[in-house]
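In the UniProt record's numbering, the protein residues as written are 1 to 686.
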């Protein structure tokens with residue numbers, strides 16, 4: 001009977017757009033109206049169709065959910081860290097969906113003080129997110145923010161930690177990001193434009209006053225920039241950061257003087273990015289100034305912050321991307337990337353010693369963790385590989401002794417990392433560029449082309465997709481899947497140029513890299529088109545949209561999560577959240593050359609009558625980053641263009657936004673849907 005089910009067909013109401021003499025007809029533009037009952041009805045019908053078509057997998061989905069949940073240590077907690085006299089801990093209790101934030105004064109044996117129990121705060125909410133928690137310098141008050149819709153619009157409140165009372169102060173419809181000045185009564189926070197949701201203003205709030213009385217401290221006029229406010233690790237400075245894709249500008253203010261005026265650190269210059277770290281009487285600046293594409297480290301006195309005063313500490317290197325730094329009283333720690341791999345470099349300030357932490361694998365991720373104290377020899381960092389669970393490690397930079405504070409526990413009794421093989425291979429792209437692919441699979445797999453393989457990628461915004469461990473992924477690996485990550489251009493996996501070569505008028509390299517990685521894995525008999533699956537979300541969903549248009553024959557199935565597929569409509573509408581800030585990534589379609597280039601790959605605009613692979617498309621009704629109508633319109637168009645023989649599902653979470661469901665176990669249910677989609681196509685029933 002399942003085959004007889006007819007998918008919903010969205011009605012066609014043509015709307016034509018003209019730009020540079022090019023006519024684009026959008027038959028499903030009407031789906032943009034979230035308030036239209038017909039739109040909600042269509043989304044519900046798609047959900048019903050998906051539920052009916054996958055009814056035979058419901059028991060398997062539930063089993064997968066329970067299997068993945070059983071690997072998670074439910075009564076888990078973070079490694080405590082000491083800050084301003086208190087140890088801070090995040091923990092979970094068995095059966096609970098949300099974290100509990102707590103602290104202990106002076107010693108881990110001290111009485112626990114519950115700051116926030118998110119399970120209580122989330123009661124009665126379909127979605128809940130706690131953001132922007134910040135403790136006042138005197139340890140008596142806590143700022144916190146909550147979002148109960150999923151559109152990243154928060155309400156900031158203040159809790160008295162001595163009485164557990166919530167103060168009357170309430171700051172609504174803001175980003176949730178806020179910091180304390182050193183007087184324990186002044187709060188600085190960022191708020192967003194109500195239409196575009198661009199973070200564009202910084203306000204000052206005094207405890208005991210209303211939001212209407214708050215003072216506008218800074219307004220970012222340039223709609224390609226967004227703003228944020230933070231506090232230095234030294235606790236001496238407040239900083240307002242204005243940032244676009246290519247350019248940054250900071251303003252600083254002594255945190256002891258909240259009613260003073262923020263001063264510009266270094267005036268913005270297009271194409272120049274910088275970030276600042278304060279220590280003692282100096283600022284340390286990570287910057288790409290003077291064509292330092294892979295960034296360099298500079299230093300300047302705190303009273304003379306403009307660029308002419310900057311002195312180089314670590315120079316630019318062609319083959320090493322300098323990603324971040326950690327400052328300690330005796331040591332400088334650099335986070336670098338070379339050959340597609342993370343490196344942690346430790347240097348004594350006096351120049352007497354420097355070395356790299358040794359990592360044996362080629363499919364790992366390592367990064368510095370919570371390091372809030374200057375006066376320590378201990379560096380806290382995290383390490384994981386595709387077969388090795390995540391660890392938090394305390395490393396003594398003087399003695400080189402390391403203490404594993406915590407390794408992620410994989411429950412269930414049958415996990416052994418030695419049962420899995422990790423591998424990194426290099427595929428050759430169409431222009432000759434070598435593209436790395438990280439893989440993990442169970443030992444003993446034969447390379448005979450019969451293995452199901454899930455290939456994941458992102459490839460935008462310079463966001464590197466490092467190899468990482470996932471306990472949920474074991475549900476695929478233990479059923480014979482190979483899991484692979486393609487480190488395609490558009491990320492920063494192989495340095496800044498890797499990003500430059502995958503954006504704007506080079507964006508198609510991102511798509512062709514993924515296709516060429518797919519072909520490589522097929523040619524080397526890791527898999528075959530009958531068993532190859534692709535997955536990507538958001539900008540990675542755009543990638544999925546392009547590959548199914550351009551090379552559908554390579555894939556048996558594709559998962560597209562919250563996919564950015566209606567590129568032209570979105571990028572031509574500057575009222576949509578994020579649009580104007582995206583021009584440096586994709587191009588401004590009001591300029592003809594960018595319009596034509598984007599038009600040539602935009603997935604929605606290039607759907608054609610042809611074979612399409614089996615597809616599972618997910619979205620959230622309240623998504624503020626990729627609006628729900630992009631995947632909805634795309635699926636509607638695919639429905640009437642794709643040839644028979646494959647399935648196409650649109651699954652809309654009517655309660656969530658860009659990040660999906662909010663509880664830790666609710667998210668597993670979404671994953672179980674994706675896994676059952678893949679396993680069903682492979683005719684794996686249990």
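Glycine is no exception: its CB is placed at the ideal position from the N, C-alpha and C atoms.
query, result
"Here's a check: name, in chain order, each residue in its chain whose Cβ is nearer than 8 Å to the Cβ of residue 402, leaving out the five neighbours to either side.", "393, 394, 395, 396"
"Which first and last residues belong to the alpha helix (DSSP H) in which residue 119 is found?", "118–121"
"Tell me, which residues are paired with residue 309 by DSSP?", "None; residue 309 has no bridge partner."
"Which of the three DSSP states is assigned to residue 255 in this structure?", "coil"
"Grab me the residues of residue 42's own chain with a C-beta within less than 6 Å of its C-beta, minus the 5 sequence neighbours each way, in chain order.", "10"
"Of all the alpha helix (DSSP H) runs that stay within the bounds of the stretch 118–171, which reach a length of 4 or more residues?", "118–121"
"Which whole-angstrom value describes the C-beta separation of residue 515 and residue 547, a residue pair presumed to lie in contact below a C-beta threshold of 8 Å?", "6 Å"
"Examine the Cβ distances between the stretch 548–563 and the stretch 598–611 and report whether three or more of them are shorter than 8 Å.", "yes"
"Quick test of your reading: residue 8 and residue 69, contact by CB under 8 Å. State the CB separation rounded to the nearest angstrom.", "That belief does not hold up - the Cβ atoms of residue 8 and residue 69 are roughly 32 Å apart, past 8 Å."
"If you follow the beta strand (DSSP E) that residue 282 is in, where does it begin and where does it stop?", "282–287"
"Nearest-angstrom Cα distance between residue 668 and residue 368?", "27 Å"
"With three or more C-beta pairs closer than 8 Å as the rule, is the stretch 456–474 touching the stretch 529–541?", "yes"
"Leaving out five residues before and five after residue 419 in sequence, what residues of the same chain have Cβ atoms less than 8 Å from its Cβ?", "442, 443"
"Give me the Cβ distance between residue 363 and residue 422, rounded to the nearest whole Å; I'm assuming they're in contact under 8 Å.", "4 Å"
"Does DSSP put residue 737 in a helix, a strand or coil?", "With the chain represented from 1 up to 686, any question about residue 737 goes unanswered, as that position is not in the structure."
"Tell me the DSSP secondary structure of residue 394 in three-state form.", "strand"
"Using alpha carbons as the reference points, say which of 365, 349, 331, 333 lies closest to residue 340.", "365"
"Apply the 10 Å Cβ neighbour rule to residue 265 and answer buried if 16 or more other Cβ atoms are within range, or exposed otherwise.", "buried"
"If we count the other Cβ atoms within 10 Å of its Cβ and call it buried at 16 or more, is residue 654 buried or exposed?", "exposed"
"State yes or no: is the C-beta of residue 226 within less than 7 Å of the C-beta of residue 268?", "no"
"Can you tell me the Cα-Cα spacing of residue 685 and residue 62, whole angstroms?", "12 Å"
"Are three or more beta carbon pairs between the stretch 146–154 and the stretch 128–135 nearer than 8 Å?", "yes"
"Run the CB neighbour count on residue 270, radius 10 Å, all protein chains shown included, and call it buried at 16 or more, exposed below.", "exposed"
"When you compare only the Cα positions, how much space is there between residue 20 and residue 592?", "7 Å"
"Would you call the stretch 199–209 and the stretch 299–309 touching, i.e. three or more CB-CB distances under 8 Å?", "no"
"Would you list, in sequence order, the uninterrupted alpha helix (DSSP H) runs of no fewer than 4 residues that lie entirely inside the stretch 195–239?", "none"
"Quick one: what's got a C-beta closer than 7 Å to residue 689's C-beta in the same chain, skipping five residues either side?", "Outside the modelled stretch of the chain, which goes from 1 to 686, sits residue 689, for which no answer is possible."
"Using a Cβ-Cβ cut-off of 6 Å (strictly less than) and excluding sequence neighbours within five positions of residue 273, which residues of its own chain qualify?", "248, 288"
"Rounded to whole angstroms, how far is the Cβ of residue 424 from the Cβ of residue 437, which I believe are closer than 8 Å?", "7 Å"
"For residue 26, which three-state DSSP category applies?", "strand"
"Determine the direct distance from the alpha carbon of residue 505 to that of residue 595, and round the result to whole angstroms.", "10 Å"
"How big is the Cα-Cα spacing for residue 318 and residue 541?", "31 Å"
"So does the stretch 474–489 actually touch the stretch 561–570, counting three or more Cβ pairs closer than 8 Å?", "no"
"Between residue 568 and the rest of its own chain, which residues show a CB-CB distance below 7 Å, the 5 nearest in sequence each way excluded?", "24, 589, 598, 599, 602, 605"
"Can you name the start and end residues of the beta strand (DSSP E) that residue 52 belongs to?", "Looking at the DSSP string, residue 52 is not in any beta strand (DSSP E); the run it does join, the alpha helix (DSSP H), is 37–53."
"Decide if residue 120 is buried, meaning its Cβ has at least 16 other Cβ atoms within 10 Å, or exposed.", "exposed"
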